[in-house]
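Engineer: First to last, the sequence lines map onto chains U and L. Counting in the numbering used here, the first sequence runs from 1 upward without gaps. Counting in the numbering used here, the second sequence runs from 296 upward without gaps. Backbone N, C-alpha and C fix where the C-beta goes; we use that ideal spot for every residue, glycine too.
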Amino acid sequence: MRLLFRQLLFLGFAASFLHAGPISFNTAMPVHEGGIVVRQQAVWVQMHQDPSSLDREMDVFLFPFTLVYGATSNLAVMGNFPYLDKELGMGSGGVVRENSGWGDLTTVARYEIFERNRLGQTVRGALFAGLEWPTGKDDEIDSLGLLPPDLQVGSGSFDLIVGTVWTAQWLSFQIDADLLYTRNNEANNFKFGDVVREDLSFQYRLWPRGLSPHGVPSYVYGVLEANSLYQFQNEISDVGDEDSGGYQLFLTPGVQWVSRRTVLDLAVQLPTIQNLHGDALKTDFQLVAGFQILF
Amino acid sequence: MKDWIWVILAAAVLLICCLVPFLKAAEPPQVPPSLPQAAGEKITVHIEGLSCPLCVFGVSKHLKKIEGVEGVDVSLKEGTAVLQMDPSAEITDEEIQRAVEKAGFRVSKIERGP
Chain U
1 MRLLFRQLLF
11 LGFAASFLHA
21 GPISFNTAMP
31 VHEGGIVVRQ
41 QAVWVQMHQD
51 PSSLDREMDV
61 FLFPFTLVYG
71 ATSNLAVMGN
81 FPYLDKELGM
91 GSGGVVRENS
101 GWGDLTTVAR
111 YEIFERNRLG
121 QTVRGALFAG
131 LEWPTGKDDE
141 IDSLGLLPPD
151 LQVGSGSFDL
161 IVGTVWTAQW
171 LSFQIDADLL
181 YTRNNEANNF
191 KFGDVVREDL
201 SFQYRLWPRG
211 LSPHGVPSYV
221 YGVLEANSLY
231 QFQNEISDVG
241 DEDSGGYQLF
251 LTPGVQWVSR
261 RTVLDLAVQL
271 PTIQNLHGDA
281 LKTDFQLVAG
291 FQILF
Chain L
296 MKDWIWVILA
306 AAVLLICCLV
316 PFLKAAEPPQ
326 VPPSLPQAAG
336 EKITVHIEGL
346 SCPLCVFGVS
356 KHLKKIEGVE
366 GVDVSLKEGT
376 AVLQMDPSAE
386 ITDEEIQRAV
396 EKAGFRVSKI
406 ERGP
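(1) List the residues of chain U that L/R393 touches, going by C-beta distances under 9 Å, in chain order.
(2) U/V216: which of U/V195, U/S53, U/S259, U/R205 sits nearest, CA to CA?
(3) With U/F128 as the anchor, note down where its alpha helix (DSSP H) starts and where it stops.
(4) Please classify L/S370: does DSSP put it in a helix, a strand, or coil?
(5) Is U/H32 close to chain L, meaning its C-beta is less than 9 Å from at least one C-beta of that chain?
(6) If the criterion is Cβ atoms closer than 9 Å, does the pair L/A398 and U/P30 meet it?
(7) In terms of residues, what are the limits of the alpha helix (DSSP H) holding L/E389?
(8) Determine whether the beta carbon atoms of U/K86 and U/V60 lie at a separation below 9 Å.
(9) Closer than 8 Å by C-beta to L/T375: which residues in its own chain qualify, once you throw out the five before and the five after it? Chain order, please.
(10) Considering just the uninterrupted stretch of the beta strand (DSSP E) at U/P271, what are its terminal residues?
(11) What does the alpha-carbon distance come out to for the pair U/W133 and U/D238?
(12) What first and last residue would you give for the alpha helix (DSSP H) that runs through L/H357?
(13) Under the assumption that U/T167 contacts U/T27 (Cβ atoms under 8 Å), give the Cβ distance between them as a whole number of angstroms.
(14) Who are the near neighbours of U/T72 in its chain, counting only those whose CB is closer than 8 Å to its CB and skipping five residues on each side?
(15) Going by other Cβ atoms of all chains shown within 10 Å of its Cβ, with 16 needed for buried, is U/D142 buried or exposed?
(16) Are any of the Cβ atoms in chain U nearer than 9 Å to that of L/V412?
(17) Looking at U/Q169 and U/G35, is the spacing between their C-beta atoms short of 9 Å?
(18) U/M47 bridges to which residues according to DSSP?
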């Protein structure tokens with residue numbers, strides 16, 4: 001299988017510290033001490049552009065469930081547990097292979113290292129590190145035999161995640177940026193390529209246009225994000241798979257409704273650049289919808 | 296793709312639509328700015344960094360935990376939290392600062408009035 005698939009898991013993970021802010025990745029805004037954020041997303045990824053003659057089509061539904069806890073005003077810890085449903089069709093022979101189940105649990109700690117506050121504005125910077133646990137099954141079979149790694153719901157390996165995220169927020173808009181590296185490890189003689197991901201998000205308050213001196217209205221933000229992702233080649237028995245990995249850039253327009261305790265968001269990730277190696281399947285779009293509640 | 300996926304998606308969207316009014320109603324009611332001052336001392340806390348509705352939730356939550364605070368009225372535009380106090384209660388500036396810092400923000404000034 002030759003798919004650039006691991007990005008999906010990062011979306012599930014990366015969107016997890018959200019405090020409004022970006023839809024497809026992290027924010028450096030604090031989760032208040034003792035605060036809990038519950039987040040549920042639904043993601044649909046369609047990959048129907050097959051450069052090979054196999055006429056492959058893949059659809060993935062991902063339902064990441066996330067809990068974030070503010071251990072202190074500077075330290076937040078997070079757990080992300082996705083449910084995945086994957087289906088791969090091969091048009092020529094009518095062959096369909098599918099799999100579903102709970103994926104790998106990701107745990108991450110984020111620590112704020114920079115903070116500057118002014119009236120109606122704040123700038124935050126944070127470092128984060130985490131581990132992806134091999135909780136998802138990685139040995140599922142179907143009538144054709146063992147499913148390939150990209151169709152398994154688990155990676156089978158402990159994978160390390162490190163990164164940094166920065167946020168600048170004003171009353172009417174917000175800018176977020178992050179840089180994330182994932183070190184994937186080998187399992188079952190297969191290693192997913194390491195991933196370097198960069199994201200940039202701009203959110204502009206569309207409504208209300210002005211703020212009253214009293215009270216706290218709900219906001220509607222227009223969101224535009226750019227998600228840049230490079231994945232190194234997968235390795236099979238320590239040999240690089242030339243039909244895996246590559247570079248993708250997504251542009252992500254979206255909309256977000258934010259109140260004191262709840263956030264609803266909807267966005268579509270559109271591939272702008274897809275320089276994938278060999279015959280890797282290309283992405284048509286990724287649709288992301290979700291909500292979060294703050295306690 | 297399995298049909299049940301679409302059922303789940305539809306259910307999720309429906310759930311979200313149903314939750315919106317409930318969650319909005321469940322949010323802490325705002326204290327009207329015209330609350331009678333005779334209820335007790337009014338403390339105005341100037342907070343730096345407040346810039347979105349979600350920030351306000353954490354600040355309000357921690358300020359309300361202080362004994363004697365009966366209500367909190369936050370203004371995002373002004374960057375202030377006005378505390379309506381129990382007339383018999385006394386709280387220190389340090390308690391207020393600690394509460395705001397637990398929410399991840401900083402106090403720049405505290406004003407006390409009747």
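Structural biologist: Judging by the given coordinates:
(1) Locating residue 393 of chain L in the second sequence gives position 98, where the first residue counts as 1. For a Cβ distance threshold of 9 Å, nothing in chain U lies close to L/R393: the least Cβ distance comes to about 10 Å.
(2) Taking the first residue of the first sequence as position 1, residue 216 of chain U is located at position 216. That would be U/S259, whose Cα lies nearest to the Cα of U/V216.
(3) Counted from its first residue, the first sequence places residue 128 of chain U at position 128. Looking at the DSSP string, U/F128 is not in any alpha helix (DSSP H); the run it does join, the beta strand (DSSP E), is 121 to 133.
(4) Within the second sequence, numbered from 1, the residue matching residue 370 of chain L stands at position 75. Reduced to three states, the DSSP call for L/S370 is strand.
(5) Along the first sequence, one-based indexing puts residue 32 of chain U at 32. By this cut-off, U/H32 is an interface position.
(6) Here residue 398 of chain L refers to the residue found at position 103 when the second sequence is read from its first residue. Here residue 30 of chain U refers to the residue found at position 30 when the first sequence is read from its first residue. Yes, they are a contact pair.
(7) On the second sequence, residue 389 of chain L is found 94 positions in, with the first residue counted as 1. Element bounds for L/E389: 388 to 397.
(8) Position 86 of the first sequence, counted from the start, is the residue given in the question as residue 86 of chain U. Position 60 of the first sequence, counted from the start, is the residue given in the question as residue 60 of chain U. Taking 9 Å as the Cβ cut-off, U/K86 and U/V60 qualify as a contacting pair.
(9) Numbered from 1 along the second sequence, position 80 holds the residue referred to as residue 375 of chain L. Here the set comprises T339, V340, H341, I342, V369.
(10) By one-based count along the first sequence, residue 271 of chain U stands at place 271. From DSSP, the beta strand (DSSP E) with U/P271 extends over 262 to 276.
(11) Taking the first residue of the first sequence as position 1, residue 133 of chain U is located at position 133. Taking the first residue of the first sequence as position 1, residue 238 of chain U is located at position 238. Roughly 22 Å between the two C-alpha positions.
(12) Within the second sequence, numbered from 1, the residue matching residue 357 of chain L stands at position 62. L/H357 -> alpha helix (DSSP H) spans 348 to 359.
(13) As a working note, residue 167 of chain U is residue 167 in the first sequence. As a working note, residue 27 of chain U is residue 27 in the first sequence. Right, their Cβ atoms sit about 5 Å apart.
(14) What you label residue 72 of chain U is simply residue 72 of the first sequence in a count that begins at 1. Here the set comprises E33.
(15) Here residue 142 of chain U is taken as the residue at index 142 of the first sequence, counted from 1. Exposed: under 16 other Cβ atoms inside 10 Å.
(16) This structure gives no information on residue 412 of chain L, because the portion of chain L shown stretches from 296 to 409.
(17) Residue mapping note: residue 35 of chain U aligns to position 35 of the first sequence, counting from 1. Residue mapping note: residue 169 of chain U aligns to position 169 of the first sequence, counting from 1. No. Outside cutoff.
(18) Against the first sequence, residue 47 of chain U aligns to sequence position 47. According to DSSP, U/M47 bridges with U/M58.
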